[in-house]
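In this note's numbering, the protein residues as written are 11 to 490. All C-beta atoms, glycine included, are put in the ideal place defined by N, C-alpha and C. Some notes on the structure that comes next.
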Amino acid sequence: MKKLDLIIVGVIIFFGLTARLYKIDIPLADFHSWRQADTAAVARNFTRTGYDLLHPRYDDLANIQTGKYNPQGYRMVEFPIYNTLTALSSQITRMPIHIAGRLITVGFSLLVIFCIYYLLKYEIGTLGAIFGSLFFALQPFIVYYTRVVLPDGFSMSLAMISITIAYRYRYGIVNKTAASKCPCVFISASFLAAAILVKPTAVFFLLPFIYLYLSTHRRASWDYPGLLIYPLITILPTLLWRVWIGQFPEGIPASSWLFYAVNTGGALTPIFMRPAFFRWIFYERIFLIISGAWSFILIFIGTISIKPKSYFIPIVSISSLFFLLIFQGGNVQHDYYQIMILPTLALLVGVGASTILKSKSIFHPVIAPVGVVSILFLGMIFSFNQVKDHYNTDGRLLTMSRLIQTLTPFDALIATDTTGDTTLLYLSDRRGFPALTDSYEVLKTKGIQYVVTSSQSEKILLNKIGKKIFENSDFGIYSL
Numbered sequence: 011m012k013k014l015d016l017i018i019v020g021v022i023i024f025f026g027l028t029a030r031l032y033k034i035d036i037p038l039a040d041f042h043s044w045r046q047a048d049t050a051a052v053a054r055n056f057t058r059t060g061y062d063l064l065h066p067r068y069d070d071l072a073n074i075q076t077g078k079y080n081p082q083g084y085r086m087v088e089f090p091i092y093n094t095l096t097a098l099s100s101q102i103t104r105m106p107i108h109i110a111g112r113l114i115t116v117g118f119s120l121l122v123i124f125c126i127y128y129l130l131k132y133e134i135g136t137l138g139a140i141f142g143s144l145f146f147a148l149q150p151f152i153v154y155y156t157r158v159v160l161p162d163g164f165s166m167s168l169a170m171i172s173i174t175i176a177y178r179y180r181y182g183i184v185n186k187t188a189a190s191k192c193p194c195v196f197i198s199a200s201f202l203a204a205a206i207l208v209k210p211t212a213v214f215f216l217l218p219f220i221y222l223y224l225s226t227h228r229r230a231s232w233d234y235p236g237l238l239i240y241p242l243i244t245i246l247p248t249l250l251w252r253v254w255i256g257q258f259p260e261g262i263p264a265s266s267w268l269f270y271a272v273n274t275g276g277a278l279t280p281i282f283m284r285p286a287f288f289r290w291i292f293y294e295r296i297f298l299i300i301s302g303a304w305s306f307i308l309i310f311i312g313t314i315s316i317k318p319k320s321y322f323i324p325i326v327s328i329s330s331l332f333f334l335l336i337f338q339g340g341n342v343q344h345d346y347y348q349i350m351i352l353p354t355l356a357l358l359v360g361v362g363a364s365t366i367l368k369s370k371s372i373f374h375p376v377i378a379p380v381g382v383v384s385i386l387f388l389g390m391i392f393s394f395n396q397v398k399d400h401y402n403t404d405g406r407l408l409t410m411s412r413l414i415q416t417l418t419p420f421d422a423l424i425a426t427d428t429t430g431d432t433t434l435l436y437l438s439d440r441r442g443f444p445a446l447t448d449s450y451e452v453l454k455t456k457g458i459q460y461v462v463t464s465s466q467s468e469k470i471l472l473n474k475i476g477k478k479i480f481e482n483s484d485f486g487i488y489s490l
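Below is the structure:
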């Protein structure tokens with residue numbers, strides 16, 4: 011890229027960084043705090059018990075997520091690369107774990123802004139690159155989910171870096187040699203391998219690479235070992251990790267429902283290819299919340315008018331569509347699943363904006379840029395109205411956590427009645443059960459020493475069988 015491009019993308023990245031620093035230091039009690047708490051707990055335990063990456067542990071010892079009691083607190087989900095970086099950053103800088111984790115997410119998301127600008131620059135030109143990267147940098151839904159303590163944004167960033175390197179190789183911006191000799195292929199494969207280890211759903215980014223590789227060599231031939239080596243490098247580490255964690259079933263949450271169902275009221279409800287799936291994903295999420303309605307105009311125009319010099323953006327779009335259609339339950343249940351498709355939407359916004367700005371026969375040369383800027387601005391406002399409450403923290407949880415820290419020993423095991431939400435455990439810096447899963451007699455046999463509840467009926471019972479440590483109209487802490 012030229013010097014002017016670097017200046018432009020540098021300014022956009024600065025805007026993106028500024029937006030992501032909004033409330034960066036708030037306690038970890040914001041939206042989806044339960045999932046963030048699980049991730050942060052693994053990092054915090056690394057700083058205390060050592061960096062045992064093969065045995066990541068968090069604070070939940072109950073049987074809620076896996077169906078088996080988990081006395082060691084194993085967290086056998088993603089390979090803990092993100093958690094390790096968070097823990098190391100926290101130890102080096104002395105920042106709290108949740109702030110270090112947010113800054114790791116932010117830092118890698120800024121690289122995605124560069125990737126989007128780079129890809130759009132060479133696919134459709136500078137104008138599309140500017141607006142596509144601005145959308146990713148400043149759209150409120152994207153801003154929020156690229157500054158949370160979740161592995162999804164980190165994985166998406168690694169995958170985008172991988173694809174950008176493969177794209178650079180494809181178009182000869184570096185010297186094209188045999189794939190088996192070109193370090194670009196190995197580097198790209200390594201980034202995507204890490205992305206899939208962190209979040210297996212990143213495997214959908216393999217499709218753009220296969221297209222880029224085949225289009226580089228103009229024919230599908232086994233004479234080019236990269237076509238075999240790249241998928242092997244990217245997938246094998248995750249397969250080995252899955253084999254390893256199979257030895258710890260108590261640490262593997264149930265996941266089959268992610269394909270076909272949502273959890274409503276404690277029961278799984280099938281949603282696969284139901285009208286509700288399409289309404290939630292394409293209307294509620296992509297149209298209203300992510301794009302803020304207005305920016306969807308650019309996404310739609312970008313979708314129907316892709317005329318780049320290659321099929322790269324259509325292939326990326328198809329990959330994202332496959333992800334949505336295969337993991338229907340997960341995508342409807344958790345809006346953070348849509349983190350994986352955010353770069354695709356930004357690419358389509360860039361194509362849509364470029365189409366409008368270049369269509370001089372349809373749009374007036376003055377009205378067109380004003381219209382595109384207005385659409386993006388209105389989309390940001392509407393999206394912010396949808397997500398502004400995501401930054402709110404639960405003051406009641408913070409009060410409860412401070413009392414638990416004050417009134418219970420550091421090594422005490424506690425049980426809370428937060429219906430599986432581990433946020434209170436994390437904020438209290440205690441391990442235990444995030445729900446009252448059994449009778450108090452059974453909980454005692456599991457090592458639970460204290461119970462925290464907001465239920466009046468439970469307070470009455472605990473006053474009879476336990477010892478009151480603290481009690482007010484909102485909640486109580488009781489010793490068993």
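Contacting residues, own chain, Cβ-Cβ under 7 Å from residue i (five flanking each side not counted)
| i | result |
| --- | --- |
| T428 | L434, P444 and A445 |
| P210 | T248 |
| F333 | T211, F214, M350 and I351 |
| M410 | L434, V462 and F485 |
| Y155 | G163, Y346 and I349 |
| I171 | L121, C125 and F201 |
| G135 | S364 |
| Y436 | L38, A47, A50, A51 and D69 |
| R295 | D345 and Q348 |
| I469 | Note on identity: in this sequence residue 469 is Lys, with Ile being the wrong assignment. The answer, listed in chain order, is T463, E481 and G486. |
Environment of residue i [buried if 16+ CB atoms lie within 10 Å]
| i | result |
| --- | --- |
| D399 | exposed |
| N473 | exposed |
| A199 | buried |
| S43 | buried |
| I123 | buried |
| A264 | exposed |
| G339 | buried |
| M390 | buried |
| S165 | buried |
| F337 | buried |
| R54 | buried |
| R85 | buried |
| E451 | exposed |
| T174 | buried |
| R10 | Given that the chain is displayed from residue 11 to residue 490, the structure contains no residue 10 and the question cannot be resolved. |
| F219 | buried |
| I281 | buried |
| K78 | exposed |
| S483 | exposed |
| F292 | exposed |
Same chain only: Cβ atoms within 8 Å of residue i, ignoring 5 sequence neighbours per side
| i | result |
| --- | --- |
| T2 | Any question about residue 2 goes unanswered here, given that the chain covers just 11 to 490. |
| S393 | Q149, P150, F151, I299, I300, S301, G302 and S305 |
| T187 | The predicted model places T187 with a pLDDT of 48, which falls under 50 and marks its position as unreliable; any figure quoted below should be read in that light. For T187, where only same-chain residues beyond five positions count, there are no Cβ hits under 8 Å. |
| T57 | A97, S100, Q101 and I107 |
| F25 | L144, A147 and L148 |
| F269 | F282, I336, F337, Q338, G339 and G340 |
| L417 | I479, F480 and I487 |
Extent of the continuous alpha helix (DSSP H) run through residue i
| i | result |
| --- | --- |
| Y488 | Unbroken run through Y488 is the beta strand (DSSP E), G486 to S489; no alpha helix (DSSP H). |
| N341 | Q338 to Q343 |
| Y390 | Note that residue 390 is Met in the sequence shown here, rather than Tyr. From DSSP, the alpha helix (DSSP H) with M390 extends over I377 to V397. |
| I414 | G405 to L417 |
| M283 | No alpha helix (DSSP H) contains M283, which DSSP labels as neither H nor E. |
| K209 | Segment: none, K209 is in no alpha helix (DSSP H) and carries neither H nor E. |
Residues bridged to residue i (per DSSP)
| i | result |
| --- | --- |
| L70 | As written in the sequence, residue 70 is Asp, which differs from the Leu given in the question. D70 is bridged to G442. |
| E294 | Its beta-bridge partners do not exist; DSSP assigns none. |
| T426 | V462 |
| Y436 | Its beta-bridge partners do not exist; DSSP assigns none. |
| Y84 | R67 |
Limits of the unbroken beta strand (DSSP E) element including residue i
| i | result |
| --- | --- |
| P280 | A277 to P280 |
| V21 | Not the beta strand (DSSP E): V21 falls in the alpha helix (DSSP H), residues K13 to R30. |
| V272 | A271 to T274 |
| I479 | K477 to E481 |
Below-9 Å beta-carbon distance, residue i vs any chain C residue
| i | result |
| --- | --- |
| A205 | Looking at the structure shown, chain C is missing, and only one protein chain is on hand. |
Same chain, Cβ closer than 6 Å to residue i, five either side skipped, listed in chain order
| i | result |
| --- | --- |
| T313 | L358 |
| G430 | I74, P444 and A445 |
| W290 | V342 |
| V382 | A363 and I366 |
| W267 | L278 and G339 |
| F118 | F164 and S167 |
| T403 | I36, P37, A39 and D40 |
Practice item. Assess, as a yes-or-no matter, whether the region 447 to 467 is touched by the region 418 to 425 under the definition of 3 or more beta carbon pairs within less than 8 Å. Key: With the cut-off at 8 Å, the region 418 to 425 and the region 447 to 467 touch.
Review point. Do the region 16 to 33 and the region 134 to 143 touch if we need at least three Cβ pairs shorter than 8 Å?
Key: yes
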